[in-house]
Amino acid sequence: MALGDLMESRFSHSNLNHLHRYSPSHLSNLNPTASAVVVVQDVVVLDDADRDRDRDRAGSSSDSVVNRESDRSNLDREDSETVATTATTSYGNAAGIPATSMAYLPQNLVLTELRHEAFEACTPSGPAESGLVSKWRPKDRMKTGCVALVLCLNISVDPPDVIKISPCARMECWIDPFSMAPQKALETIGKTLSFQYERWQPKAKYKVQLDPTVEEVKKLCTTCRKYAKSERVLFHYNGHGVPKPTANGEIWFFNRSYTQYIPLPISELDSWLKTPSIYVFDCSAAGMIVNAFI
Numbered sequence: 001m002a003l004g005d006l007m008e009s010r011f012s013h014s015n016l017n018h019l020h021r022y023s024p025s026h027l028s029n030l031n032p033t034a035s036a037v038v039v040v041q042d043v044v045v046l047d048d049a050d051r052d053r054d055r056d057r058a059g060s061s062s063d064s065v066v067n068r069e070s071d072r073s074n075l076d077r078e079d080s081e082t083v084a085t086t087a088t089t090s091y092g093n094a095a096g097i098p099a100t101s102m103a104y105l106p107q108n109l110v111l112t113e114l115r116h117e118a119f120e121a122c123t124p125s126g127p128a129e130s131g132l133v134s135k136w137r138p139k140d141r142m143k144t145g146c147v148a149l150v151l152c153l154n155i156s157v158d159p160p161d162v163i164k165i166s167p168c169a170r171m172e173c174w175i176d177p178f179s180m181a182p183q184k185a186l187e188t189i190g191k192t193l194s195f196q197y198e199r200w201q202p203k204a205k206y207k208v209q210l211d212p213t214v215e216e217v218k219k220l221c222t223t224c225r226k227y228a229k230s231e232r233v234l235f236h237y238n239g240h241g242v243p244k245p246t247a248n249g250e251i252w253f254f255n256r257s258y259t260q261y262i263p264l265p266i267s268e269l270d271s272w273l274k275t276p277s278i279y280v281f282d283c284s285a286a287g288m289i290v291n292a293f294i
């Protein structure tokens, strides 16, 4: 066998392992040498195509990996931002400052009209130095030496000029007069009122008169003035069990048998208490008494 034939035979045998990829139609009508050459060329071309395909797959795989890494980084960034926002919110709440992205509504200003500003401008900020109030307001502080508490309730008997609906306000010193016997309720209300005043002025002397007559009120006033001397006397009048004050400035008390209402002019009461005195009128239409003082 010639040397050239031998080399072609070896070359063809070395590449026979590639022939199984192709069908017999590719090898028909071809001599062995031509078949070997064609197969080699096809294999090289196919190998190049396979490498290109593998490169494309690798590129697409790398792109997908990059995309996945980008998505993961975006998620991590969002998580970090969420954690940062949560931390900021927690820190704001811990510091007492609410951290929120919600837009607050603008605060509405009230009482800003001209009439409100004019009212504030004309309202005195300190004690009155002129007018009616300045005539009786003491310039120096004064001690209250005696407190007279006069309660005209006459529990279970309504006055004739007062029409009470049901239900209505009936509590006195936060005590329901109809929750116990009338006399016991009257005494309990008097003690409670005295206790409330004692919290304000514990060193003063307190005297309580329950459903008194005019004579008893006169004796009470003279006793309080004698005890207080030059100090102030506070006179508290509860008239929820008697008629309203009259237009002439009269308040009502009882007779000894509690069958009649006896009027007492404010001027006479003031003459018994003298000055300095302060009055508290807890009754209906108390403004009529103020007009009588003026």
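The sequence shown runs 1 to 294 under the UniProt record's numbering.
Just so it is clear, CB atoms sit at the ideal spot from N, CA and C, and this is done for glycine as well.
Bear in mind that the values here come from a model prediction, so they are computed numbers and not experimental data.
What residue range is occupied by the uninterrupted beta strand (DSSP E) comprising residue i?
i, result
"tryptophan 252", "250-254"
"glycine 145", "144-151"
"tyrosine 261", "261-265"
"tyrosine 227", "Unbroken run through tyrosine 227 is the alpha helix (DSSP H), 214-228; no beta strand (DSSP E)."
"phenylalanine 178", "Careful: phenylalanine 178 lies outside any beta strand (DSSP E) and carries neither H nor E."
"serine 277", "277-282"
"valine 208", "205-210"
"valine 233", "232-238"
Take the Cβ of residue i as the centre, count every other Cβ of all protein chains shown within 10 Å, and call the residue buried at 16 or more, exposed below.
i, result
"arginine 232", "buried"
"isoleucine 163", "exposed"
"asparagine 238", "buried"
"threonine 259", "exposed"
"phenylalanine 293", "exposed"
"arginine 225", "buried"
"alanine 181", "exposed"
"valine 217", "buried"
"asparagine 31", "Note that asparagine 31 has pLDDT 45, beneath the 50 cutoff, so the model's placement of it is unreliable and the number below is only indicative. The residue in question, asparagine 31, is exposed, as its Cβ has fewer than 16 Cβ neighbours within 10 Å."
"alanine 204", "buried"
"aspartate 140", "exposed"
Using C-beta distances below 7 Å, list every residue in its chain close to residue i, excluding the 5 sequence neighbours before and after it, in chain order.
i, result
"serine 194", "Leu149, Tyr206, Val208"
"threonine 192", "Cys173, Ile175"
For residue i, collect the residues of the same chain with a Cβ closer than 8 Å to its Cβ; drop the 5 residues on either side in sequence, then sort them by chain order.
i, result
"isoleucine 278", "Thr144, Arg232, Val233, Leu234, Phe235"
"valine 242", "Cys152, Asn154, Pro159, Ile251, Trp252, Phe253, Phe254, Tyr261, Cys283"
"alanine 285", "Lys244, Pro245"
"histidine 240", "Cys152, Leu153, Glu172, Asp282, Cys283, Ser284"
"threonine 213", "Phe253, Phe254, Asn255, Arg256, Ile262"
Using 8 Å as the threshold, is the C-beta distance between residue i and residue j below it?
i, j, result
"cysteine 221", "leucine 186", "no"
"glycine 287", "proline 265", "no"
"aspartate 161", "lysine 244", "yes"
"histidine 146", "tyrosine 197", "It is worth fixing the name first, because residue 146 is cysteine in this sequence and not histidine. Contact: no."
"isoleucine 189", "proline 202", "no"
Please report the straight-line C-alpha distance between residue i and residue j, rounded to a whole angstrom.
i, j, result
"alanine 169", "glutamate 215", "31 Å"
"tryptophan 200", "methionine 142", "14 Å"
"proline 276", "leucine 269", "13 Å"
"methionine 171", "isoleucine 165", "14 Å"
"serine 179", "proline 167", "15 Å"
"serine 156", "serine 230", "40 Å"
"alanine 247", "serine 267", "13 Å"
"valine 290", "threonine 223", "24 Å"
Assuming residue i is part of the alpha helix (DSSP H), what are its boundary residues?
i, result
"arginine 170", "Per DSSP, arginine 170 belongs to no alpha helix (DSSP H) and is neither H nor E."
"glutamine 196", "182-200"
"phenylalanine 293", "287-293"
Quick one: what's got a C-beta closer than 6 Å to residue i's C-beta in the same chain, skipping five residues either side?
i, result
"leucine 210", "Leu151, Leu186, Gly190"
"valine 280", "His236"
"glutamine 183", "none"
Are there any heavy atoms of the ligand FMN lying less than 7 Å away from the beta-carbon of residue i, as far as the coordinates show?
i, result
"tyrosine 258", "As for the ligand FMN, it is missing from this structure, which has no ligand bound."
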